[in-house]
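J.: Can you read through this structure? Questions will come right after.
Chains as they are written, first to last, in UniProt numbering: chain Y, 1 to 435; chain P, 1 to 435; chain X, 1 to 435; chain G, 1 to 435.
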């Protein structure tokens, strides 16, 4: 995580202050549960809530203690006992550090997922708005970077909408998977703590109890979570790449908003570059890469080893902060994207009607010509357009082999654009529901 | 994919014969739909079904045609017209190659998922059986590779069961995501084909219509699919690693089945190695690695480029065949795993009662000692055991600072194993449901 | 590896026949060394060379034996003794399977590297030829996909040449690293075999002795090798991406050769797509992905575990065969690339002289204007061109703030192309040496 | 990068202060070169060096300007002109931002490599010292986690030494590759700047001129650099994994240093865990993962896009800071590793002589028995030891089939340890040179 690519709300989730506050809540709720069960004095629990609830935990003091004991949870508990007094000895009883650490990580990832879901909602809204705005804006569809057949700019955005709607569903599932609570002791047997404590804490923290933990919550949950972020990042890269293509000098069908005062290049005053989308492409690579160590984290030894910990200290913040920043940037880019319908039309006209080649070929086939022959016939004329800029329709009209099968008037009628856009409403209804 | 790590049923899904058969079905169903809608003669559709349905497609002939036209679908269609005759010209009308290729890939991945689900079911069954068999077999739980507190071997397997049950759910979701059908033409606009054809083919092929496609089905679906396989592979690595650890000479609590006639080492006749589990570890690395190019495939240019194709030709078979083989091998390994409960007990006794250190510490705390003091006191005695092999209980009993707080009889009672296993039934009920 | 993306010479390196032949040579050379040292009868070595040298090893028979003993090297040795007779008992004495397997893999990877080096040489030759052909062909340089300043098409190719020349050096280094021989016994101590045997075999097989092995050759060597292939693949992706961009309909400055009879699209007869370059993009993703499991293979347990083996059985062939095919395809693509200089000139003219914006700005600065002011002044005029298609030079000439600093005649002189290409010879000399 | 896993010297390389200082030096040296060539007034260069050399660049002020102009280099140049005055207008003439940014990154990566090389030297020194200390300490070699044949602990460390010595060579090569300078203008043509400026700056900054750049230094260099770090990380994981294995409760042949006051577990006072090595395992995963986006960065569009930038802002610091921290931690772990030779001997004795099985088999073969028969005979006795703990030598002596071929006295002599360690000096000489 670097400040340049970070937003405060997501950063706050990963601050030491937030972490210690969550730790406190987990410990205090566990204590309350034990007090309810008569295992510890109710007064102790009350005292802990009272003193700890009011306190601001001193991050530097905790760090100082950790340097001595070389154990972060013990350092926190020591600091807590400084705040609470002797009643603190009932805190953490029968628990192991991972009970606190893992449950805290679940809370943090669930909160991070909530922010990411809000980001996706904003992006979806932007895509929907712009899709309807350009539902009927014709533009050439391209396969292999080569003009294929017409589509509309709204359809492009509808496609992106559908893709991010899927990503939203994936993230909802991943959030549900990650939101579990383990308060099960040193090897997950509840030897020194009752399973009811886990259930109590889970409910209070908005989590579900982990059905069976070892010392830790199993890391396949986290792997699935970060893999989901990686898939979202990949979709983000796709949309960013589309914008980069559209802004190319030779294409220039759309452009990132370029604010007054902005400088595109230190050397070349004429430049307006799609730097946001390029930046998103790079950020997507990062978010994608974090899925790998998350997957390697799954195979912990026996009831746990701590190799996952350093990885998660890094990718927990890095992946969520980067993706949050990137999704917000992407939403903003879409919201403010400058679209050039005239240029789209110009580009559409560039291949002089070639995009109707399939329709002509089909008509020849319908008129009795074999598929092979009609393909060769149409390809022959198409290549003249491709190579020498000939007008496709004129070439067809001048060829008796064609006009024998298709009257000139029908040929001409085949070059209307509406043919290609007649199902746009159907597709919009599929994507956005009945309007 | 290499034959050594492949099973015939999964291999068959990816054979050219299967592929061409699915292509035929897609084309023929599309033709039927068009015939029903009156777009093509019913007789043509009947002829295609009759001739094509009876034919065995000649893979070598298709390859030969492809070498000339450099296009696989055109090569197939040409061959099909050789079989069907002139009626074949109605086939593929208004469709694009990707309509066939992508829908076929959906069918193949869905079928592959079905085999993998069956593999998971077998593995889950094996884990459950062995978990119940060893529900009460005591064994030491280890964190960081170091003895922690006792658990049971059944609990270890129950944990694996829960993990693979989650993986099963993930795969069900991924299968649903991948099982879509696109018959939408060159840029997804249905310009030359009616959306009803897509709906018809989807239903016949057991798929759902893709709400909005470009020339292709969007690749975030495939990325999510292969990422799911990668997560499953990671869980597989975890279980394989557990077995490898248990079979270590110094641990030897369980062992892969070693068949008569088997040779562990060409040089050392005494060896019995956990080679299956080590092999699974390597295969897991492979399946995991395939998720990356699948994710890089998402950002296709505009309405598609074909960079995804070579990747999928490789990872489609490679990932599913490898994972199928590996899951079957893992299931077999669990089914036949030789377990040594006596050795588990011996290892459990190795640290001379140290695994009760937490319980003693808690009792001291309950008796009024501060958390810090009781930790230091117990640690002092524990280190004598750790470093000089002293008997932990004897040391405690000999220390008045301890016995002042806890009577000797209570101390002794703290070393019973049942304390650690009292919640095993609760956990089993959580994992396997009420028995 | 799939046949579609494979060439016979590289495939042959990985055939069972080649493998068993190399195994035989390693075993037989080791035997010769032992015979020279008087450890085994000379006649035995002679008999083994005579019988084994003449034999064709029966792959199916070896597979059959392996199914019983579950050990590939033992299966081979058993088959060898069937061929050689009782003298075969001296074969493999004091050796371990990995001595044979790892040394064989070194030979295979070194041979594969030799083919890849030849591929790179062909590619370099093609790049050099085309670079000189287009040394002075002007074309617009683009940053961010946006026109920047002019360059030449030859310079683009010279850049690619320099990049692949670096890749060649990397591969030479990686080949040297991988070409080691280990004949050191079960844990690398030479307990049952003399280090001189290793030295003898190494020399005969064209390898260097591994200074210190465990049971295996350390896998950091292989990781470095596959990482090098991954870097080469990334460069390949870069060049392929460049071609894909140049062939875009709106750019069309260069085009993959499109052979007579070729069909670009099953549906659209007008299409000519950069399918080779797109294919190379996908293959690059695959080769890159193989580096990961190779790196995960490094951390074998103690003196070895066999988790690396399944990985290498797959990526050994997959990575080298795919990269060999891809490099050959790339070389062919460059050799036959159709270049359109006229179109390059048209695109160059598209921004109406804007690519001289920096030069004008520098001149204003030289004439005493502050950097900030000259930037703003030039940007103002540039944006008019950008947004409304105004002629950049005319705008400048019409602005007294400009002409006060730069006389009109000097302004006009600033729009010559030679200014941008004056150092092309210098750069070519750097890349290709003095011509 | 997070403070917990960072050391100040490496962090300083990546601070904004260091970056701006390097930017200044690049700009000022370029200005000096231009002054020497008579392109700009000498006084301007002197003034820039004088004012800029004395200044502390105000990071907050630069950030403030960047928020307006949205361009970091322009922001810096604006700030520089605030410091220097009107002479600043000669700075950056004919250069492009990437000239500064890329050359700066080269300097930072080269400096980072120097620190990493020092880390490797410390680690190598530690490995060598401990290797000689334990050159003759016998320990069991293990393959597949199973006892194989004896080796010495010094040999294990010598192996690690040789591996890290290779890594050192790789890093030296990667450093040389990355240390290039590009001052070549907007598309690498030197249109507005003389190549001599690049040569001048390169020499002053300790770099080599990039033979042919586009707008940027080609990213295959960076990919190779980060791939090298990833390989080093993989070796680190291997050594860390070895330590984790050796510290397992059942093995306990070596242990990380456990300082007084340290707490192994918050719950279990008896624990001493290999947490440093586990931590290194996790950090290795991270460093490895950074190689991927670095490789994806290679395929920039045309003369550059800026997608690489965000990646490098993250992995530049993250990879080098993490690896620096990890290598230092690994060196410290080796330096202070507590080794238990008695425990090694106990474990060595565990399989009751089984590790001599190969030697006995070879002797039987030498005595005329077929390889197959001797294998079966030795395996039969070995399995009795394996399964029932029988003494291997006694079993052999009691079997006439054995003693017929090998006299009892010779059998007994086969169980001496010196047989296995006789070539240790040879191997040490190979690794460390003649002592």
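All C-beta atoms in this analysis are idealised placements derived from N, C-alpha and C, irrespective of residue type, glycine included.
Small disclaimer: the values here were computed from a predicted structure and weren't measured.
#1: Report the CB separation of residue 301 (chain X) from residue 145 (chain G) in whole angstroms; it is logged as a contact under 8 angstroms.
#2: Determine, using beta carbons only, whether residue 178 (chain P) and residue 109 (chain P) come nearer to each other than 9 angstroms.
#3: Which residues in the same chain have their Cβ closer than 6 angstroms to the Cβ of residue 295 (chain X), if we skip the five residues on either side of it in sequence?
#4: Using C-beta distances below 6 angstroms, list every residue in its chain close to residue 317 (chain P), excluding the 5 sequence neighbours before and after it, in chain order.
#5: Taking the beta strand (DSSP E) that residue 148 (chain G) belongs to, which residues open and close that run?
#6: Along the chain, where does the beta strand (DSSP E) that runs through residue 142 (chain P) open and close?
#7: Could you tell me the distance, in whole angstroms, from the CA atom of residue 4 (chain X) to the CA atom of residue 7 (chain G)?
#8: Is residue 442 (chain P) close to chain G, meaning its C-beta is less than 9 angstroms from at least one C-beta of that chain?
#9: Check whether the Cβ atoms of residue 205 (chain Y) and residue 107 (chain Y) lie closer than 9 angstroms to each other.
#10: Which residues in chain A sit within 7 angstroms of residue 354 (chain X), going by Cβ to Cβ distance?
#11: Apart from the five residues on each side of it in sequence, which residues of its chain come closer than 7 angstroms, Cβ to Cβ, to residue 104 (chain Y)?
#12: Per the contact definition of three or more C-beta pairs closer than 8 angstroms, is the segment 220-239 of chain P in contact with the segment 162-178 of chain P?
#13: Could you give the DSSP three-state label for residue 3 (chain P): helix, strand or coil?
#14: Give the residues of chain X in contact with residue 357 (chain Y), contact being defined as C-beta atoms less than 7 angstroms apart.
#15: For residue 228 (chain P), collect the residues of the same chain with a Cβ closer than 7 angstroms to its Cβ; drop the 5 residues on either side in sequence, then sort them by chain order.
#16: Quick check: the Cα distance between residue 375 (chain P) and residue 94 (chain X), rounded to an integer number of angstroms?
#17: CA-CA distance, residue 344 (chain X) and residue 46 (chain G)?
#18: Taking residue 353 (chain X) as the reference, give the member of X:122, X:390 and X:193 with the closest Cα.
#19: Ordered along the chain, which non-local residues of its own chain (more than five positions away) have a Cβ less than 7 angstroms from that of residue 308 (chain X)?
#20: So which residues of chain G does residue 286 (chain Y) contact, with C-beta pairs closer than 8 angstroms?
#21: Do you know offhand how far residue 382 (chain X)'s Cα is from residue 122 (chain G)'s?
#22: Could you spell out the range, first to last residue, of the alpha helix (DSSP H) harbouring residue 100 (chain G)?
#23: Contact defined as beta carbons within less than 8 angstroms: I believe residue 437 (chain Y) pairs with residue 405 (chain Y). What is the distance between those atoms, to the nearest angstrom?
#24: Are the C-beta atoms of residue 282 (chain P) and some chain X residue less than 9 angstroms apart?
#25: Could you please tell me which residues of the segment 211-230 of chain X, in chain order, have their CB closer than 9 angstroms to any CB of chain G?
#26: Would residue 262 (chain Y) count as contacting chain G if we go by Cβ distances under 9 angstroms?
#27: At 4 residues or longer, and completely inside the segment 63-88 of chain Y: list those alpha helix (DSSP H) runs for me, N to C.
#28: In chain order, what residues of the same chain lie with their CB nearer than 8 angstroms to the CB of residue 424 (chain P), ignoring the 5 residues before and after it?
#29: How is residue 210 (chain X) classed by DSSP in three states: helix, strand or coil?
#30: Which of the residues in the segment 68-82 of chain X, read from start to end, lie with their CB under 8 angstroms from any CB of chain P?
#31: In terms of residues, what are the limits of the alpha helix (DSSP H) holding residue 253 (chain X)?
#32: Determine whether the Cβ of residue 203 (chain P) lies closer than 9 angstroms to any Cβ atom of chain X.
#33: Could you tell me the boundaries of the alpha helix (DSSP H) in which residue 222 (chain Y) lies?
#34: Label residue 56 (chain Y) either buried or exposed according to how many other C-beta atoms from any shown protein chain fall within 10 Å of its C-beta, with 16 as the threshold for buried.
#35: Quick one, which of Y:413, Y:226, Y:276 and Y:62 has its alpha-carbon nearest residue 262 (chain Y)'s?
#36: Quick check: the segment 56-75 of chain G against the segment 413-432 of chain X, are there 3 or more CB pairs under 8 angstroms?
T.: This is what the structure gives:
#1: As a first step, residue 301 (chain X) must be located in the third chain, where it is residue number 301. As a first step, residue 145 (chain G) must be located in the fourth chain, where it is residue number 145. For residue 301 (chain X) against residue 145 (chain G), the beta-carbon gap comes to about 6 angstroms, under 8 angstroms, which counts as contact.
#2: Position 178 of the second chain holds residue 178 (chain P). Position 109 of the second chain holds residue 109 (chain P). In contact: residue 178 (chain P) and residue 109 (chain P) (Cβ atoms closer than 9 angstroms).
#3: Numbered from its first residue, the third chain carries residue 295 (chain X) at position 295. Only 223 meet the Cβ criterion.
#4: Counting from 1 along the second chain, the entry for residue 317 (chain P) is found at position 317. Excluding sequence neighbours, residue 317 (chain P) sits near 1 and 14.
#5: Here residue 148 (chain G) refers to the residue found at position 148 when the fourth chain is read from its first residue. Bounds of the beta strand (DSSP E) holding residue 148 (chain G) are 146-152.
#6: Taking the second chain and counting its residues from 1, one reaches residue 142 (chain P) at position 142. It spans 138-143 - the beta strand (DSSP E) in which residue 142 (chain P) sits, taken as one unbroken run.
#7: Along the third chain, read from residue 1 onward, the residue named residue 4 (chain X) stands at position 4. Along the fourth chain, read from residue 1 onward, the residue named residue 7 (chain G) stands at position 7. If I take the Cα positions, the gap works out to 50 angstroms.
#8: Within the shown structure, residues of chain P are numbered from 1 to 435, placing residue 442 (chain P) beyond reach of any answer.
#9: Residue numbering aside, residue 205 (chain Y) sits at position 205 when the first chain is read from its first letter. Residue numbering aside, residue 107 (chain Y) sits at position 107 when the first chain is read from its first letter. Going by C-beta atoms, residue 205 (chain Y) is nearer than 9 angstroms to residue 107 (chain Y).
#10: No chain A is part of this structure, whose protein chains are labelled Y, P, X and G.
#11: Working through the first chain from its first residue, we reach residue 104 (chain Y) at position 104. Its chain contains 19, 22, 23 and 26 as the residues whose beta carbon lies nearer than 7 angstroms to that of residue 104 (chain Y), once the 5 sequence neighbours on both sides are disregarded; these appear in chain order.
#12: Touching, yes.
#13: One-based indexing of the second chain puts residue 3 (chain P) at position 3. DSSP places residue 3 (chain P) in helix when its eight states are reduced to three.
#14: For this step, residue 357 (chain Y) is matched to residue 357 along the first chain. Residues of chain X passing the Cβ test: 268, 269 and 270.
#15: Numbered from its first residue, the second chain carries residue 228 (chain P) at position 228. For residue 228 (chain P), the CB contacts under 7 angstroms within the same chain, skipping 5 residues up- and downstream, are 170, 171 and 174 in chain order.
#16: Your numbering for residue 375 (chain P) matches position 375 in the second chain. Your numbering for residue 94 (chain X) matches position 94 in the third chain. Roughly 54 angstroms between the two C-alpha positions.
#17: As a first step, residue 344 (chain X) must be located in the third chain, where it is residue number 344. As a first step, residue 46 (chain G) must be located in the fourth chain, where it is residue number 46. Note on geometry: alpha-carbon atoms of residue 344 (chain X) and residue 46 (chain G) lie some 44 angstroms from one another.
#18: In the third chain, residue 353 (chain X) corresponds to position 353, counting from 1. Residue 353 (chain X) has its Cα closest to that of X:390, out of X:122, X:390 and X:193.
#19: Your numbering for residue 308 (chain X) matches position 308 in the third chain. So the list reads 219, 297 and 300, once near-sequence residues are dropped.
#20: Taking the first residue of the first chain as 1, we reach residue 286 (chain Y) at position 286. Ordered by position in chain G, the residues that pass the 8 angstroms Cβ test against residue 286 (chain Y) are 293, 310, 311, 314 and 315.
#21: Sequence index remark: in the third chain, residue 382 (chain X) carries index 382 (1-based). Sequence index remark: in the fourth chain, residue 122 (chain G) carries index 122 (1-based). Per the coordinates, the alpha-carbon of residue 382 (chain X) lies some 57 angstroms from the alpha-carbon of residue 122 (chain G).
#22: Start at 1 with the first residue of the fourth chain, and residue 100 (chain G) comes out as number 100. Taken as a continuous stretch (DSSP letters only), the alpha helix (DSSP H) holding residue 100 (chain G) covers 97-133.
#23: Any property of residue 437 (chain Y) remains undetermined from this structure, which presents chain Y solely from 1 to 435.
#24: Translated into the one-based positions of the second chain, residue 282 (chain P) becomes position 282. Chain X has a Cβ within less than 9 angstroms of the Cβ of residue 282 (chain P).
#25: Here the close residues are 211, 212, 213, 214, 215, 216, 218, 219, 220, 221, 223, 224, 227, 228 and 230.
#26: Here residue 262 (chain Y) corresponds to residue number 262 of the first chain, with the count starting at 1. The Cβ of residue 262 (chain Y) sits closer than 9 angstroms to at least one Cβ of chain G.
#27: If we require 4 residues or more, the alpha helix (DSSP H) runs fully inside the segment 63-88 of chain Y come out as 72-84.
#28: Numbered from its first residue, the second chain carries residue 424 (chain P) at position 424. Hits under 8 angstroms: 135, 136, 152, 154 and 155.
#29: Position 210 of the third chain, counted from the first residue, corresponds to residue 210 (chain X). Coil at residue 210 (chain X), not helix or strand.
#30: Flagged, chain order: 68, 69, 70, 71, 73, 74 and 77.
#31: In the third chain, residue 253 (chain X) corresponds to position 253, counting from 1. Taken as a continuous stretch (DSSP letters only), residue 253 (chain X) belongs to no alpha helix (DSSP H), as it is neither H nor E.
#32: Walking along the second chain from the start, residue 203 (chain P) turns up at place 203. Taking Cβ atoms only, chain X never reaches closer than 9 angstroms to residue 203 (chain P), which makes this a no.
#33: As a first step, residue 222 (chain Y) is located in the first chain; it is residue number 222 there, counting from the start. Per DSSP, residue 222 (chain Y) belongs to the alpha helix (DSSP H) from 220-247.
#34: Locating residue 56 (chain Y) in the first chain gives position 56, counting from the first residue. With fewer than 16 other Cβ atoms inside 10 Å of its own Cβ, residue 56 (chain Y) counts as exposed.
#35: Stepping through the first chain from its first residue, residue 262 (chain Y) is reached at position 262. Nearest to residue 262 (chain Y) by C-alpha distance, out of Y:413, Y:226, Y:276 and Y:62, is Y:276.
#36: The way I'd put it, the segment 56-75 of chain G doesn't touch the segment 413-432 of chain X; fewer than three beta-carbon pairs between them come closer than 8 angstroms.
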